[in-house]
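Enquirer: Sharing a structure below in structure tokens format, with a few things to ask.
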DNA sequence: CAGACAATCGGACCGTGGTCCACTTAGCCC
DNA sequence: GGGCTAAGTGGACCACGGTCCGATTGTCTG
């Protein structure tokens, strides 16, 4: 979400708006003042609603209403419900991405790639267990779930680490396999429903990484 | 879906109906004639609609209408949209299950467990590529997706094979990891969007099985 | 400051999934 | 056949996600 594209909290500009043409608006990428204000209002309102009544209480209409804004504006800004939720998660995702791209070892560059991969899994597990409901709701749409840049970025990252480790074989597929075990819905289910403690999930990740990266 | 419970095309009987009490109905598990007729009608109508306009055209209202039945009846029978779709897939799932539980090797019992596991993946891939849209729509609901008996049965099966192979470690988690790569949404995305040929997905499965079951 | 234009807004509107409950009917017992 | 009971029915009703388009407003140019 951060690597491949502009921050998702950027408005869903219609394609033509990439270049605001010779129009009155400022340079490309600027956002009209009222638009920016409304976006902030909407995010605040959404966050408040989620905090107060959980993700299910975050109705698009309720958000619009709480932000004193029309419903159409919400959709214009964030595309759809999933988009709004992703925007809510953007800070978190960004932070995690940053930790990996530029942060200190063992997550950031410089550490042994195997350690980085292990750390990636643990960090991701933490995020999932913290924001499980949000994440789950964010990729409820099966059509965009796997196509979303956020997932692409993670997949790319994991694939890179696998290559650094020297894994041979179909690295992209192996990356997907690893990522699959960190799926929000799955992890939440394992943790909440099946009652698996975090430690077990962590060890499961470590084990899987070990098996997949083992020389043959 | 077949191992753990009665065929899902069985009506969603309210809990109390498990024992029809001393009431007028026949023995436990029977279904009133009109109910049975309506269920058949609904399934037929649903199948027709899917064939004609794809899964998106299969509106609950359209199904009810085509079956000459009230909307409430549809929901009473199948619980929700996902339930109806699962019922539609029940034949397929049952067939696959049967092939594994009682069919001929390499899928059925008798073959080397490693070969059975490989065969399982290939068979599952075939099903997913054939009924991708249906399967995807069937587990659109993240809440029941992982909790559903169907998935449980698969997980149990894979776990059993892993144990037979002699894999040590957290077998249930490893089974989930394997299963994750066969997720309908993921596979469809890899195949249709990313353009990965089936053969590559098959080899990916084989490779993953090999890595996970390799002695250490 | 006025004019012009596009980005932005807002809320009426729509389709869909899902619920509810008063009414009907099948099936058993006498 | 008549009566009884619970399963079954159907369609009005609701909430929510998402779309649309006429009205509005911000911003730049002259």
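Protein chains in written order, with this note's numbering: chain A, 116 to 331; chain B, 116 to 331. Built from N, CA and C at the ideal position, the CB exists for glycine as well. As the structure is a computational prediction, the values presented were derived from the model and not from experiment.
1. Please list, in chain order, all residues of the same chain as residue 196 of chain A whose beta carbon is under 7 Å from its beta carbon, the five residues on each side excluded.
2. Express the C-alpha separation of residue 290 of chain A and residue 255 of chain A in angstroms, rounding to a whole number.
3. Could you check whether the Cβ of residue 285 of chain A sits closer than 7 Å to any Cβ belonging to chain B?
4. Can you list, in chain order, the stretches of the beta strand (DSSP E) that have 3 or more residues and sit fully within the region 176-233 of chain B?
5. Just how far apart, CA to CA, sit residue 193 of chain A and residue 227 of chain A?
6. Using 8 Å for Cβ pairs, my map puts residue 70 of chain B next to residue 294 of chain B. What's the rounded Cβ distance?
7. Can you tell me whether DSSP reads residue 288 of chain A as helix, strand or coil?
8. Under 7 Å, Cβ to Cβ, is there at least one residue of chain B near residue 281 of chain A?
9. Shorter than 7 Å from the beta carbon of residue 231 of chain B to some beta carbon of chain A?
10. Apart from the five residues on each side of it in sequence, which residues of its chain come closer than 7 Å, Cβ to Cβ, to residue 220 of chain A?
11. Under 8 Å by Cβ, that's how I've got residue 277 of chain A and residue 292 of chain B pegged, so tell me the actual separation to the nearest angstrom.
12. Output needed for residue 182 of chain B: all residues of its chain with C-beta closer than 6 Å, excluding positions within five of it in sequence on either side, in chain order.
13. Please check if any C-beta of chain B sits within less than 7 Å of the C-beta of residue 295 of chain A.
14. Thinking C-alpha only, which one of A:287, A:282 and A:311 is nearest residue 287 of chain B?
15. Nearest chain A C-beta to residue 304 of chain B closer than 7 Å, yes or no?
16. Let me make sure I understand the geometry here. Which of A:247, A:266 and A:319 has the alpha-carbon closest to that of residue 285 of chain B?
17. Identify which residue in A:257, A:203 and A:211 has its Cα closest to the Cα of residue 237 of chain A.
18. Return the residue from the list B:297, B:263, B:248 and B:298 that minimises the CA-CA distance to residue 172 of chain B.
19. Within 7 Å of any Cβ in chain A, is that where the Cβ of residue 251 of chain B sits?
20. Note down, in chain order, each residue of its chain lying with its Cβ closer than 7 Å to the Cβ of residue 253 of chain B, except the 5 sequence neighbours on either side.
21. Got a sec: is the Cβ-Cβ distance from residue 255 of chain B to anything in chain A below 7 Å?
22. Could you say which of B:190, B:230 and B:239 lies nearest to residue 213 of chain B if we only look at CA atoms?
23. Quick one: residues in its chain with C-beta nearer than 7 Å to the C-beta of residue 258 of chain B, no 5 flanking neighbours on either side, listed in chain order?
24. Hey, quick one: how far does the alpha helix (DSSP H) through residue 303 of chain A stretch, first residue to last?
25. What would DSSP say about residue 145 of chain B, mapped onto helix, strand or coil?
26. Would residue 277 of chain A pass as an interface residue toward chain B - the criterion being a Cβ-Cβ separation below 7 Å?
27. Can you check whether the C-beta of residue 200 of chain B is within less than 7 Å of a C-beta belonging to chain A?
28. Residues in the same chain with beta-carbon distance under 7 Å from residue 170 of chain A, minus the five sequence neighbours each way, listed in chain order, please.
29. Cutting at 6 Å between CB atoms, please list the residues of its own chain near residue 279 of chain B, excluding the five before and the five after it.
30. Cβ of residue 326 of chain A less than 7 Å from any chain B Cβ?
31. On the three-state DSSP scale, how would you describe residue 329 of chain A?
32. Identify, in the order they occur along the chain, each residue of the same chain with its Cβ nearer than 7 Å to the Cβ of residue 207 of chain A, setting aside the five sequence neighbours on each side.
33. For residue 315 of chain B, go through chain A and note every residue whose CB falls closer than 9 Å to its CB, in chain order.
34. Where does residue 273 of chain B fall in DSSP's three states?
35. Which residues in chain B have a C-beta closer than 9 Å to the C-beta of residue 291 of chain A? List them in chain order.
36. Report the CB separation of residue 304 of chain B from residue 244 of chain B in whole angstroms; it is logged as a contact under 8 Å.
Expert: By the coordinates alone:
1. The count along the first chain starts at 1 and reaches residue 196 of chain A at position 81. Same-chain partners within the cutoff: 175.
2. Start at 1 with the first residue of the first chain, and residue 255 of chain A comes out as number 140. Start at 1 with the first residue of the first chain, and residue 290 of chain A comes out as number 175. Between residue 255 of chain A and residue 290 of chain A, the C-alpha separation is close to 21 Å.
3. One-based indexing of the first chain puts residue 285 of chain A at position 170. Chain B, which has a Cβ nearer than 7 Å to the Cβ of residue 285 of chain A, makes this yes.
4. none
5. As a working note, residue 193 of chain A is residue 78 in the first chain. As a working note, residue 227 of chain A is residue 112 in the first chain. Approximately 38 Å, taken between the alpha carbons.
6. The requested residue 70 of chain B is not part of the displayed model; chain B covers only 116 to 331.
7. In the first chain, the residue the question calls residue 288 of chain A occupies position 173. Helix at residue 288 of chain A.
8. Position 166 of the first chain, counted from the first residue, corresponds to residue 281 of chain A. So no, residue 281 of chain A is outside the interface.
9. For the purposes of this step, residue 231 of chain B is taken as the residue at position 116 of the second chain. No - not a single Cβ of chain A is within 7 Å of the one on residue 231 of chain B.
10. Your numbering for residue 220 of chain A matches position 105 in the first chain. Excluding sequence neighbours, residue 220 of chain A sits near 226.
11. The residue labelled residue 277 of chain A in the question sits at position 162 within the first chain. The residue labelled residue 292 of chain B in the question sits at position 177 within the second chain. Incorrect: roughly 15 Å between the Cβ atoms, too far for contact.
12. Mapped onto the second chain, residue 182 of chain B falls at position 67. The answer, listed in chain order, is 156, 157 and 160.
13. The residue labelled residue 295 of chain A in the question sits at position 180 within the first chain. For residue 295 of chain A, the answer is yes, since a Cβ of chain B falls inside 7 Å of its Cβ.
14. Residue mapping note: residue 287 of chain B aligns to position 172 of the second chain, counting from 1. Out of A:287, A:282 and A:311, A:311 has the C-alpha closest to the C-alpha of residue 287 of chain B.
15. Locating residue 304 of chain B in the second chain gives position 189, where the first residue counts as 1. Answer yes: the Cβ-Cβ gap between residue 304 of chain B and chain A drops below 7 Å somewhere.
16. The residue you call residue 285 of chain B lines up with position 170 of the second chain. Measuring from the Cα of residue 285 of chain B, the nearest candidate turns out to be A:319.
17. Counted from its first residue, the first chain places residue 237 of chain A at position 122. Nearest option by C-alpha distance: A:211.
18. Here the question's residue 172 of chain B lines up with position 57 in the second chain. With distances taken between Cα atoms, residue 172 of chain B lies closest to B:248.
19. Position 136 of the second chain, counted from the start, is the residue given in the question as residue 251 of chain B. So, interface residue.
20. Within the second chain, numbered from 1, the residue matching residue 253 of chain B stands at position 138. Here the set comprises 197, 200, 201 and 204.
21. Start at 1 with the first residue of the second chain, and residue 255 of chain B comes out as number 140. Chain A contact via Cβ: present.
22. Within the second chain, numbered from 1, the residue matching residue 213 of chain B stands at position 98. Comparing Cα-Cα distances from residue 213 of chain B to each of B:190, B:230 and B:239, the minimum goes to B:239.
23. Indexing the second chain from 1 puts residue 258 of chain B at position 143. Closer than 7 Å at Cβ, skipping near neighbours: no residue.
24. The residue labelled residue 303 of chain A in the question sits at position 188 within the first chain. Looking at the DSSP string, the run of the alpha helix (DSSP H) that includes residue 303 of chain A is 299-303.
25. Here residue 145 of chain B refers to the residue found at position 30 of the second chain. Coil.
26. Taking the first residue of the first chain as 1, we reach residue 277 of chain A at position 162. Output row for residue 277 of chain A: interface = no.
27. Along the second chain, one-based indexing puts residue 200 of chain B at 85. Chain A, which has no Cβ nearer than 7 Å to the Cβ of residue 200 of chain B, makes this no.
28. Indexing the first chain from 1 puts residue 170 of chain A at position 55. Answer for residue 170 of chain A: 248, 249 and 252, listed in chain order.
29. Along the second chain, read from residue 1 onward, the residue named residue 279 of chain B stands at position 164. Closer than 6 Å at Cβ, skipping near neighbours: 228.
30. Counting from one through the first chain, the residue named residue 326 of chain A turns up at place 211. Closer than 7 Å to some Cβ of chain B, the Cβ of residue 326 of chain A qualifies, so yes.
31. Residue numbering aside, residue 329 of chain A sits at position 214 when the first chain is read from its first letter. In this structure, residue 329 of chain A counts as coil in the three-state DSSP scheme.
32. Taking the first chain and counting its residues from 1, the one referred to as residue 207 of chain A is at position 92. Excluding residues within five positions, the ones whose Cβ falls inside 7 Å are 242 and 246.
33. In the second chain, residue 315 of chain B corresponds to position 200, counting from 1. Going along chain A in sequence order, the residues near residue 315 of chain B (Cβ under 9 Å) are 285 and 288.
34. In the second chain, the residue the question calls residue 273 of chain B occupies position 158. Reduced to three states, the DSSP call for residue 273 of chain B is helix.
35. Reading the first chain from its first residue, position 176 is the one you call residue 291 of chain A. Simply 295, 296, 301, 305 and 319.
36. Residue numbering aside, residue 304 of chain B sits at position 189 when the second chain is read from its first letter. Residue numbering aside, residue 244 of chain B sits at position 129 when the second chain is read from its first letter. That pair is no contact at about 12 Å.
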